[in-house]
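Here is the structure we will look at.
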Amino acid sequence: MTRHFFISRGIVTAALLCLLPAAIFAQNNGGPRMDHENTLPPTPTGPTPRTADGHPDLTGLWNGLADNLLGVPNQMHNVGIEVGTDTARDIHSGAQIGTWPLQSRTHQNSEQSERAATLLRRMGSNRPIYKPQYWQRVKDFDANSNEEDPSNNCMPAGVPRMGVPSYIAQTPTYLVFVYPGQGGLIATATSYRMIPTDGRKHTNLEDLDGTWNGEAIGHWEGDTMVVDTIGFNSTSWFDQLGGYFHSENMHVIERFHRDGNTLTWTATVEDPDVLLEPWTTTPRVALLNPDTKAILPESLPCSERDFAHVVTKEHH
Amino acid sequence: MRRGTTKALARMALVTLAFAALFSQRAAGQSNSSNSSAAAKTATARAVDNPSGSNSSDVAKTLKTAAEAIGLARWSGVGGQHLPEVDVINTMEIWGSCTTDGPVQSNKPGEAGPASKIEFHAALGYNPPAMRVEMTSTGPGAPRHTIEVVRDNYAWDESEIGAGLIPGKGTATPAMAAVNKRLLQLWILPYGVIKAALAAGDKARVTTEKGATVITFPLSGLLADVMVKATLDAKYEVAKVETRTDNPALADLITETEYFDYKDHGEIATDVMSPGHIRWKQGGHPVMDLQVKMLDANNPYLVFPVPENVKQAAAR
C-alpha cells in the first residue's frame, strides 16, 4: 500500500517535472505558456495579412491558449470552459459555473492539484454523442486511459486530436502544418502534414491505406481555410481526452480562420459507424507568436509509459 | 413462479411509488405556483432559529466552505496557479443497493414479506441537468429492470440504455409528467444543493438551527416554487435536505433526505466526497435506505440525448 502510494505520487511528480523544462523554455521564447490568468480566448489585434492571391496568410508560429496538453488553462479553453477573474461559463451550453476568488483559495498539495486537474479537463459539456452501444466503451477507455490511450505508446496523436498546428507555412498550392511533440509522461510524437490546396479531389476511400493523419485536402471558403480529411486508421482517439475512439470511416473537416493575430480552429468529426451525429469541437483560438525570429524548439523525445509501474487509474 | 414474479413486481411498484410519492408534490403543484411558493418559503423560514441571521457574506462563506468540503470547489496547480476556484463537478455515476420489505407482500396479514434487494445505478449530469436511474429487483421472482431518464424539460422511460435513439433499438416511452420529480432528485443530491444554492444568489439564506448551519433557498426553472432547506454537519457536508412544494394538498408534508458516511467512493480517486449511505424519508418515516457501493465523480462520459419521439410528445 505504501509502495503503491509512493509510486503513484512519483508518477505525478515525474509528469510535472517533465513538463517544466519545456514550459520554461517555451515561455522564454514567447511560445506556449502553461500558466494563464484566465482561459478566455485572446482578443484579436492588428491587420490580417493576405497573400498575393488575396487569401488570408496563415503562415506563422501559433500558440497561446490552444496549444496541446500544456497546462490546465489550455485544456479548459479547449473544452470550452471560459474562466475569468471571478466568473466561469461553459460556452457550449451557456451554463454559468460557480467560481470562488483566487485570493481565498484553500491550500492543496500536488496530489490534490493533479486530481483536480483531471476533473477540470473533463468538465465541459461539449461531448460527442456516440451510438448507445458504444457509451460504455468510451467511458472505459477514459477510465483506463493510463493503459488504453494510444498516444502512451508514442503513437501519433492523429487528426484532429493534434489540434491547432504550432507552425503553418502557406504557399499558393499547399499548406504545411507542424505539430511538435511533447516529451515526458504526457507524450505525443512530433508530426507534420502537407496539405494540397490546388483543387485536387480525394482518392477513393477504398484505395487509401488508413493512416494516423489521413489524406487531407484544403480549399478556401471565403476567408476560411477548410481542410477535409479522410482515410484514417482506427487506432487514434479524436480529442485530447475522453477515450473518443473512431472507425476507419471517420471524416474530419477542420476550419481555420485568421483574424489579426489570432487563429480560430474547429474540427467537425463525422463517423456514422460509431457516432449518432457529427460532432464539432469547441473553437480554439491560437495567438500568433509576435517574435518574428522565433523558431520551434526541438521536441523532447517521446517516452513510452512503464505500465508495470502504473498502479492506479489516476490519470490526466 | 408466477406468484414470485407478482411479488417482485409488487415490490418494484412499491419502490417506484415511494420515489413517486417522495417527489410528486412538485408535479402536482404546478398549477398554482406563486402563492403556494410564498407559503412554502414562509413555512421554511419559521422552522429556523434565527431566520434573519444571514447576509450575503455569510452565504458566500458558507457555500464556499460547503463546496470545498465535498470537493466541488477546486483549482489545479498544473498551470492554474492564477485561476480562481471553480465548480468542477458535471457528470457522475452512483452504484448502490438497498433492501426493502413490506407487509403487503406477505401471505400472512401483518407479517413482512421476504426481503427484496434493489440494485441502484444512477448516471447524472448537471450541465445539462440530466439523470438516468436504473433499478433492478433481484428479490424472489423474475428480476425487474426499470430505466427512468430526465434531461432539461424532457422525461422518458427506456426499455434499454439509449432506447429510441436508433430505429429498432429499444423503446423510449415519454413520461413528461415525471419531469419535475426526476429533476428534483438531481437537485437534492449534495452537489445539486450547492449548485442550486449558488444559483439562487441573493435568495439563499444561511441560519443556524440547533447549532447546525442551515441553508435555505428556492430552486429555479421548472422547480421555481420548490424551497430547499439543507442542513450541514460539522464538516460542512450536506447532512439533510428537506423540500417543500407548492402543492396545497401536500403543503405540510416534508420530504427529507439524509446523507451519511462521506468519503471518496471512487475507484479513481478524485477527492470528491460522497455519502456512503442515503436515506429517503417521507412524513418522518424511512422510505428507502441506499448503501452506496461506488461513486465515480471523475466527470465520466455520460450523455442523455433526447429521443425524437420524446421531443414530439413534449411538443404536443
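Residue numbers (my numbering), protein chains in the order written: chain A, 1 to 316; chain B, 1001 to 1316.
Ideal Cβ placement from N, Cα and C applies to all residues, glycine included.
Look up D1157 of chain B in the DSSP assignment and give the residues it is bridged to. The sequence position of residue 1157 of chain B within the second sequence is 157, counting from 1. Per DSSP, B:E1148 and B:T1173.
Just to make sure I have the definition right: I need the residues of chain B whose C-beta is within less than 8 Å of the C-beta of A143 of chain A. Which are they? Residue numbering aside, residue 143 of chain A sits at position 143 when the first sequence is read from its first letter. Here the neighbours are E1267, I1268, D1296, N1298 and P1300.
Taking only three categories from DSSP, how would you classify F238 of chain A? As a first step, residue 238 of chain A is located in the first sequence; it is residue number 238 there, counting from the start. Of the three classes helix, strand and coil, the one that applies to F238 of chain A here is coil, per DSSP.
Contact under 9 Å by Cβ, S166 of chain A with Y179 of chain A: Here residue 166 of chain A is taken as the residue at index 166 of the first sequence, counted from 1. Here residue 179 of chain A is taken as the residue at index 179 of the first sequence, counted from 1. Yes, the pair counts as a contact, with Cβ atoms nearer than the cut-off.
Consult DSSP for I1194 of chain B and reduce its assignment to one of helix, strand or coil. Start at 1 with the first residue of the second sequence, and residue 1194 of chain B comes out as number 194. DSSP places I1194 of chain B in helix when its eight states are reduced to three.
Residue(s) in a DSSP beta bridge with Q170 of chain A: For the purposes of this step, residue 170 of chain A is identified with residue 170 of the first sequence, where counting begins at 1. Answer is A:L175, bridged to Q170 of chain A.
Hey, quick one: how far does the alpha helix (DSSP H) through D1058 of chain B stretch, first residue to last? Looking up residue 1058 of chain B in the second sequence gives position 58. It spans S1056 to A1069 - the alpha helix (DSSP H) in which D1058 of chain B sits, taken as one unbroken run.
Across the stretch 86-99 of chain A and the stretch 284-294 of chain A, are there enough close Cβ pairs to call them in contact, namely three or more that are closer than 8 Å? no
Just curious, the beta strand (DSSP E) that N63 of chain A is in, first and last residue? By 1-based counting over the first sequence, the position of residue 63 of chain A is 63. It spans G60 to N63 - the beta strand (DSSP E) in which N63 of chain A sits, taken as one unbroken run.
Could you run through the stretch 238-261 of chain A and flag, in chain order, every residue whose CB is less than 8 Å away from some CB of chain B? G242 and G243
For N152 of chain A and V1226 of chain B, what's the separation of their Cα atoms in angstroms? The sequence position of residue 152 of chain A within the first sequence is 152, counting from 1. The sequence position of residue 1226 of chain B within the second sequence is 226, counting from 1. Computed Cα separation, rounded: 49 Å.
Check whether the stretch 1255-1267 of chain B and the stretch 1124-1132 of chain B touch, using three or more Cβ-Cβ pairs below 8 Å as the test. no
Does the beta carbon of A1204 of chain B sit closer than 9 Å to a beta carbon anywhere in chain A? Your numbering for residue 1204 of chain B matches position 204 in the second sequence. No, because no Cβ of chain A sits closer than 9 Å to the Cβ of A1204 of chain B.
Taking Cβ positions only, does I129 of chain A come closer than 9 Å to chain B? Counting from 1 along the first sequence, the entry for residue 129 of chain A is found at position 129. Yes - at least one Cβ of chain B is within 9 Å of the one on I129 of chain A.
By the DSSP assignment, the alpha helix (DSSP H) with D72 of chain A in it spans what residues? Here residue 72 of chain A corresponds to residue number 72 of the first sequence, with the count starting at 1. What sits at residue 72 of chain A in the sequence shown is Val, not Asp. Note, V72 of chain A: alpha helix (DSSP H), V72 to N78.
Alpha-carbon to alpha-carbon, G1170 of chain B and W100 of chain A: Residue mapping note: residue 100 of chain A aligns to position 100 of the first sequence, counting from 1. Residue mapping note: residue 1170 of chain B aligns to position 170 of the second sequence, counting from 1. Between W100 of chain A and G1170 of chain B, the C-alpha separation is close to 44 Å.
Against E1237 of chain B, what residues of chain A qualify as contacts under a CB-to-CB distance less than 7 Å, listed in chain order? By 1-based counting over the second sequence, the position of residue 1237 of chain B is 237. In chain order: nothing, as chain A lies at least about 15 Å away.
Hey, is D35 of chain A's beta-carbon within less than 9 Å of any beta-carbon in chain B? Here residue 35 of chain A refers to the residue found at position 35 of the first sequence. Answer yes: the Cβ-Cβ gap between D35 of chain A and chain B drops below 9 Å somewhere.
Compile a chain-ordered list of the residues in the stretch 108-132 of chain A whose CB is closer than 8 Å to at least one CB of chain B. Q108, S110, Q112, S113, E114, R115, A116, A117, T118, L119, L120, R122, M123, G124, S125, R127, I129, Y130, K131 and P132
Taking only the alpha-carbon atoms, compute the straight-line gap between I253 of chain A and G199 of chain A and give it to the nearest angstrom. Translated into the one-based positions of the first sequence, residue 253 of chain A becomes position 253. Translated into the one-based positions of the first sequence, residue 199 of chain A becomes position 199. Distance between the alpha carbons of I253 of chain A and G199 of chain A is about 16 Å.
Among B:G1141, B:H1121, B:Q1312 and B:T1136, which residue has its Cα nearest to the Cα of L1295 of chain B? The residue you call residue 1295 of chain B lines up with position 295 of the second sequence. Comparing Cα positions, the closest option is B:H1121.
When the Cα atoms are used, what is the spatial distance from E298 of chain A to T203 of chain A? The residue given as residue 298 of chain A occupies position 298 in the first sequence. The residue given as residue 203 of chain A occupies position 203 in the first sequence. Straight-line Cα distance between these residues: approximately 34 Å.
Look at D35 of chain A and Q1291 of chain B and say whether their C-beta atoms are less than 9 Å apart. Taking the first sequence and counting its residues from 1, one reaches residue 35 of chain A at position 35. Taking the second sequence and counting its residues from 1, one reaches residue 1291 of chain B at position 291. No, they are not a contact pair.
Cα-Cα, which of A:L119, A:R127, A:L102 and A:H107 is closest to S93 of chain A? For the purposes of this step, residue 93 of chain A is identified with residue 93 of the first sequence, where counting begins at 1. Of the candidates A:L119, A:R127, A:L102 and A:H107, the one whose C-alpha sits nearest the C-alpha of S93 of chain A is A:R127.
To the nearest angstrom, how far is the alpha carbon of A1239 of chain B from that of E37 of chain A? Working through the second sequence from its first residue, we reach residue 1239 of chain B at position 239. Working through the first sequence from its first residue, we reach residue 37 of chain A at position 37. Straight-line Cα distance between these residues: approximately 35 Å.
Taking its Cβ as the centre, do 16 or more other Cβ atoms sit within 10 Å of Y192 of chain A, making it buried, or is it exposed? Along the first sequence, one-based indexing puts residue 192 of chain A at 192. Exposed: under 16 other Cβ atoms inside 10 Å.
Pick helix, strand or coil for D271 of chain A, following the three-state DSSP scheme. Working through the first sequence from its first residue, we reach residue 271 of chain A at position 271. Coil.
Leaving aside the five residues before and after V159 of chain A along the sequence, list all residues of the same chain whose C-beta is less than 7 Å from its C-beta, in chain order. Locating residue 159 of chain A in the first sequence gives position 159, where the first residue counts as 1. Counting only Cβ-Cβ distances below 7 Å, and skipping sequence neighbours, we find N213, G214, T229 and V252.
Pairwise C-alpha distance: K1203 of chain B and R1244 of chain B: In the second sequence, the residue the question calls residue 1244 of chain B occupies position 244. In the second sequence, the residue the question calls residue 1203 of chain B occupies position 203. If you take the alpha carbons of R1244 of chain B and K1203 of chain B, they lie about 16 Å apart.
Closest Cβ-Cβ distance between V1149 of chain B and chain A: below 9 Å? Here residue 1149 of chain B is taken as the residue at index 149 of the second sequence, counted from 1. So no, V1149 of chain B is outside the interface.
Taking the C-alpha atoms as reference points, what is the distance between P1286 of chain B and L1186 of chain B? If you number the second sequence from 1, residue 1286 of chain B lands on position 286. If you number the second sequence from 1, residue 1186 of chain B lands on position 186. Approximately 19 Å between the Cα atoms of the pair.
Taking the alpha-carbon of D1261 of chain B as reference, which of B:G1276, B:D1152 and B:R1144 has the nearest alpha-carbon? Working through the second sequence from its first residue, we reach residue 1261 of chain B at position 261. Considering only alpha carbons, the answer is B:G1276.
Does the distance from the C-beta atom of Q75 of chain A to that of Q240 of chain A stay below 9 Å? The residue given as residue 75 of chain A occupies position 75 in the first sequence. The residue given as residue 240 of chain A occupies position 240 in the first sequence. Against a cut-off of 9 Å, the Cβ pair of Q240 of chain A and Q75 of chain A comes out as a contact.
Beta-carbon proximity of L296 of chain A to I129 of chain A, cut-off 9 Å: For the purposes of this step, residue 296 of chain A is taken as residue 296 along the first sequence, with counting starting at 1. For the purposes of this step, residue 129 of chain A is taken as residue 129 along the first sequence, with counting starting at 1. No. Outside cutoff.
Close Cβ partners of S1052 of chain B (< 6 Å) along its chain, the five nearest in sequence each way excluded: Here the question's residue 1052 of chain B lines up with position 52 in the second sequence. Low local confidence applies: a pLDDT of 49 at S1052 of chain B is under 50, so the model's placement there is unreliable, with the coordinate-based value given in what follows. No residues qualify anywhere along the chain.
Can you tell which of B:P1084, B:P1190, B:S1097 and B:E1093 has the C-alpha that lies nearest to the C-alpha of I97 of chain A? The residue given as residue 97 of chain A occupies position 97 in the first sequence. Minimum Cα distance to I97 of chain A is reached at B:P1084.
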